[in-house]
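Notes follow once the structure below has been shown.
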Amino acid sequence: MEAMKETVEESLREMRETFASGRTRSLKWRKAQIGAIYEMVKDNEDKICNALFQDLGKHSTEAFRDELGVVLRTATVAINCLDKWAVPKHSKLPLLFYPAKGKVISEPYGTVLVLSSWNFPISLSLDPLIGAIAAGNTVLLKSSELSPNASAFLAKTIPAYLDTKAIKVIEGGPDVATILLQHQWDKIFFTGSPKIGRIIMAAAAQHLTPVTLELGGKCPTIVDHLTISKNIKSVVKRIAGGKWGSCNGQACISVDYVLIEKSFAPTLIDMLKPTIKSFFGEIPKESGCLSRIANKQHVRRLSRLLSDPRVQASIVYGGSIDEDKLYVEPTILLDPPLDSEIMNEEIFGPILPIITVRDIQESIGIINTKPKPLAIYAFTNDENLKTRILSETSSGSVTFNDVMIQYMCDALPFGGVGESGIGRYHGKYSFDCFSHEKAIMEGSLGMDLEARYPPWNNFKLTFIRLAFREAYFKLILLMLGLKR
Amino acid sequence: MAAKKVFGSAEASNLVTELRRSFDDGVTRGYEWRVTQLKKLMIICDNHEPEIVAALRDDLGKPELESSVYEVSLLRNSIKLALKQLKNWMAPEKAKTSLTTFPASAEIVSEPLGVVLVISAWNYPFLLSIDPVIGAISAGNAVVLKPSELAPASSALLTKLLEQYLDPSAVRVVEGAVTETSALLEQKWDKIFYTGSSKIGRVIMAAAAKHLTPVVLELGGKSPVVVDSDTDLKVTVRRIIVGKWGCNNGQACISPDYILTTKEYAPKLIDAMKLELEKFYGKNPIESKDMSRIVNSNHFDRLSKLLDEKEVSDKIVYGGEKDRENLKIAPTILLDVPLDSLIMSEEIFGPLLPILTLNNLEESFDVIRSRPKPLAAYLFTHNKKLKERFAATVSAGGIVVNDIAVHLALHTLPFGGVGESGMGAYHGKFSFDAFSHKKAVLYRSLFGDSAVRYPPYSRGKLRLLKALVDSNIFDLFKVLLGLA
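From first to last, the protein sequence lines stand for chains A and B. Taking the UniProt record's numbering, I'd label the letters of the first sequence as residues 1 to 484. Taking the UniProt record's numbering, I'd label the letters of the second sequence as residues 1 to 484.
Right, here's the structure in full:
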């Protein structure tokens, strides 16, 4: 640990020195670094897919769709848009201040810390990294020890492609994170659980370090079967894809549970079963298309969630567990009790509770009994229901008639609210996330108003009052002696 | 005399519960309610200015002009702007979508965070209480205001006026000190807005971390003024004087804290300052009624200590008189105090102005950069290159060239700190945004589904995905037509 402490201190010292040298301010440098990340991913597609397969049993297509492709796209967008993003924004100033000028420039915070997660270890490391670099910061990335192959790949390969004096990678677990958090950073970006998010923010508070926390929650999926019945097949496919098709339910925006009217639940279940089979075959464990559970700890956690006898009784599909193979079968529950543990913590796994309601409108009430999630999904064509969902619930985002795909939309900010997080990124929001918006006002030494200076008298007071009201006409009258 | 009502954890908890119920009932969401509250705040400004001025005179000895202009007028403008723009601010913002999420439309919806806490400061007790409350109400939140106990007359008047005019089911004031503030900080808020010192800022953020509550911290720092010889000396000096002693007698977060200039120019600068100081405040400035007094004996003693330090007391070149009974310290200028003296180690927040001389002005950048980032940094010069370098390389909440403090009044510029001087920003639309959650909304169609999204995964699917991710139309068509 002593060695690690020294490594951290030395890294910080070097990154701060590099930042102070001004090298990272150059847009050319930033684009070159981001270009290098692009090259790194393109050159090492096989290695990366292999690492993800080793860590999570992730299929290479899924790996490309959810991680490599995302990073390539993020890098492309950043390089193409950086010039635009970095342009100062000019502000209009009131006439009173003429000829003063105002603008806002985005400046890098300085030396920032990115703490990544294990479920999408490549994209959740490189996406924030690209944002931090685009904004001109020096960055230290700590990848998750729970995805050791991906972490090792990043630790080994990033130094080969990027400016090592400005961008560094550290591997390790909570003990390394603890050492990192004792130091002062100019910004901390964390992806993970709300529990650890609190610890990060508390540590950041000691140094007044601003944070972005991308956390999680139970992302509900409302299925208004009456208004989408024509497309029910698509709906079922999307829900199944959103649950089991992306890291097997272990994503912050995974479909956590479904809300549907009681009468339709059996149909939904009957359609989900063959859909799962069409995705993963008769024996999902052997399909090669279903990611594994992260580790034995998480398998035991999921097992515990299922162990409640009332929850056991609600299993209508699946339920088998193979701890050694880190496998939990795609499982569907029908109406587990709302006060069961599985309905009160983020599942983060391949278990899908279906909660039935008498009227789909009741979904909103149920959603609101839980902390604000990262995403709410709703399959409906009922405009009134859409409006109600938007105005009566709160979440990081709302997606109608699909799941997960909001992640790919750069024009939308990606982040949580309440328990699901603080701050946001993606696209230009990533650039902003790692920038301080500095206001710049330039006044003129030429035009000076006596009324600004003491000693005070009634004339000056009236003048200034009118000036603030922008009552220019009255102001002129005052100056001409025509107003008292 | 009635016994003071206890406000502890139980009372704080009940208060939050009550306000949360109002918020959940939708009391604060509608445009009408927000407009009504804002108009009531305007009535307070219009009908109660004399009482406000009187309270400020009691608490701070603040001259009428300062109270009228820097507290009431600024608030009036802030309310006026909110009333004029609220519909715009509340409207959803359309976002651009791309080929990957086609067909889809996206928007960003502003929603209130819920129940928020505003903790105000003593130096501009009305401005710093009501301005954030304007933001909170505009954004549709329920709000609790805790004014500073160090300005008791203002605190009492704020309580009386807000209770008289605003909707008590959603807007409340809690008076008090450490006990009451601690009780409030134990609760779960949806946002905390704090104005005050960096030391307490840490405490606030640490408390917020327990509930993952996002914060805006408007703190302070030592705002430097760099004075170039290539400037208009008279205008420069007048603006520094009124920005320092004319704004609550140096007790403002963006007060010019110390001056940096060349050894050569310093004597001219000091002579000009002495001349203008006498014009503004007479031969005996300590007796001038045109300056606020020191807020209380604690701060008086603190400032005394700064002046009395060995190696500092002999550097006084103007002023230095003290009157503890009346809590007055004369405008005091010091020349070349040691860099490690107390007066150069903490935010002065008073009528003392050290001038540090350098061999050449370039050195000022290093001096500023070696210190914590301030809320504001000022530069007086005609030199365009110097202005550009200053704006680009000095990090501060905001930069003002050729003036002091006025950027506070500009609603088109974000007002906030960075590093030790704070996080987050407000004023104008930035206030509305500070108290809003920007919810991402994606509308997708149930048509146009791509098999590429779902398992089982295959080479063809991988190729197609790659094309979609690159949003490269030609590759995409090739793949669809089976030509690649």
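For each residue, glycine too, the CB sits at the ideal point set by N, CA and C.
Measure from the C-beta of residue i to each C-beta in chain A and report whether the shortest distance is under 8 Å.
| i | result |
| --- | --- |
| B/L481 | Reliability fails at B/L481, whose pLDDT of 49 lies under 50, so the model's placement of it is uncertain and the value that follows must be treated cautiously. No - not a single Cβ of chain A is within 8 Å of the one on B/L481. |
| B/G246 | yes |
| B/D25 | no |
| B/K384 | no |
| B/P351 | no |
| B/I130 | no |
| B/E278 | no |
| B/V69 | yes |
| B/A209 | yes |
| B/A484 | Low per-residue confidence applies at B/A484: pLDDT is 41, beneath 50, and the placement is therefore not dependable, though the value from the model is reported in the following sentence. Not closer than 8 Å to any Cβ of chain A, the Cβ of B/A484 fails to qualify, so no. |
| B/E93 | no |
| B/I259 | no |
| B/S198 | yes |
Can you check whether the CB of residue j is closer than 8 Å to the CB of residue i?
| i | j | result |
| --- | --- | --- |
| B/D190 | B/T159 | no |
| B/S13 | B/A142 | no |
| A/P413 | B/K96 | no |
| A/L226 | A/G421 | no |
| A/Y161 | A/M40 | yes |
| B/L465 | A/R65 | yes |
| B/L145 | B/S129 | yes |
| B/N360 | B/T262 | yes |
| A/W185 | A/P350 | no |
Where do the ends of the beta strand (DSSP E) carrying residue i lie?
| i | result |
| --- | --- |
| A/K101 | K101 to P108 |
| A/F468 | Run containing A/F468: none in the beta strand (DSSP E); it sits in the alpha helix (DSSP H), N458 to R469. |
| B/T236 | Run containing B/T236: none in the beta strand (DSSP E); it sits in the alpha helix (DSSP H), L233 to K244. |
| A/A378 | A375 to F379 |
| B/E224 | Residue identity differs from the one stated: residue 224 of chain B is Pro in this sequence, not Glu. Unbroken beta strand (DSSP E) run through B/P224: S223 to V227. |
At the 8 Å Cβ level, is residue i part of the contact set with chain B, yes or no?
| i | result |
| --- | --- |
| A/F459 | no |
| A/Y453 | yes |
| A/I332 | no |
| A/I405 | yes |
| A/I53 | The question names Ile, but residue 53 of chain A is Phe in the sequence shown. Not one chain B Cβ lies under 8 Å of A/F53. |
| A/Q206 | yes |
| A/S193 | no |
| A/T234 | According to the sequence provided, residue 234 of chain A is Ser. The question's Thr does not apply to it. So yes, A/S234 belongs to the interface. |
| A/M441 | yes |
| A/T111 | no |
| A/A86 | no |
| A/P382 | The question names Pro, yet the displayed sequence has Asp at residue 382 of chain A. Not one chain B Cβ lies under 8 Å of A/D382. |
| A/D448 | yes |
What first and last residue would you give for the alpha helix (DSSP H) that runs through residue i?
| i | result |
| --- | --- |
| B/I119 | No alpha helix (DSSP H) contains B/I119, which is instead part of the beta strand (DSSP E) from V115 to I119. |
| B/D433 | K429 to A434 |
| B/D58 | E49 to L60 |
| B/L306 | S297 to D308 |
| B/T159 | P152 to Y165 |
| A/H298 | K296 to S307 |
| B/V367 | E363 to R369 |
Contacting positions in the region 280-301 of chain B - beta carbon closer than 9 Å to chain A: F280, Y281, G282, S288, K289, D290 and M291
Meets three-Cβ-pair contact criterion under 8 Å: the region 279-287 of chain A and the region 319-333 of chain A: yes
Meets three-Cβ-pair contact criterion under 8 Å: the region 126-144 of chain B and the region 160-172 of chain B: yes
Stretch-stretch touch, CB-based, cutoff 8 Å, three pairs: the region 376-388 of chain B with the region 230-241 of chain B: yes
The region 445-460 of chain B touching the region 243-260 of chain B, judged by at least three CB pairs closer than 8 Å: no
Within 9 Å of chain B by C-beta, residues of the region 56-75 of chain A in sequence order: H59, S60, T61, E62, F64, R65, L68, G69, V70, L72 and R73
Cβ-based contacts, 7 Å cut-off: residues of the region 307-336 of chain B near chain A: none
Interface residues of the region 216-240 of chain B facing chain A [CB-CB below 9 Å]: L217, L219, T231, D232, K234, V235, T236, R238 and R239
Selection of the region 438-462 of chain B by Cβ proximity to chain A, strictly under 7 Å: K438, K439, A440, V441, L442, Y443, R444, S445, L446, D449, R453, Y454, P455, P456, Y457, K461 and L462
Where the region 174-191 of chain B meets chain A: residues whose CB sits under 8 Å from a CB there: D190
The region 384-392 of chain B / the region 289-309 of chain B touching (three or more Cβ pairs under 8 Å): no
Stretch-stretch touch, CB-based, cutoff 8 Å, three pairs: the region 352-361 of chain A with the region 258-277 of chain A: yes
Contact residues within the region 47-62 of chain B, judged by C-beta distance below 9 Å to chain A: none
Cβ-based contacts, 7 Å cut-off: residues of the region 168-184 of chain A near chain B: none
Members of the region 13-42 of chain A near chain B, C-beta cut-off 9 Å: A20, G22 and R25
Residues within the region 208-227 of chain A neighbouring chain B, beta-carbon criterion of under 8 Å: L208, P210, L213 and L215
Proximal residues, the region 376-406 of chain B versus chain A, C-beta separation under 8 Å: F380, H382, K387, A391, A392, T393, S395, A396, G397, G398, I399, V400, V401, N402, D403 and V406
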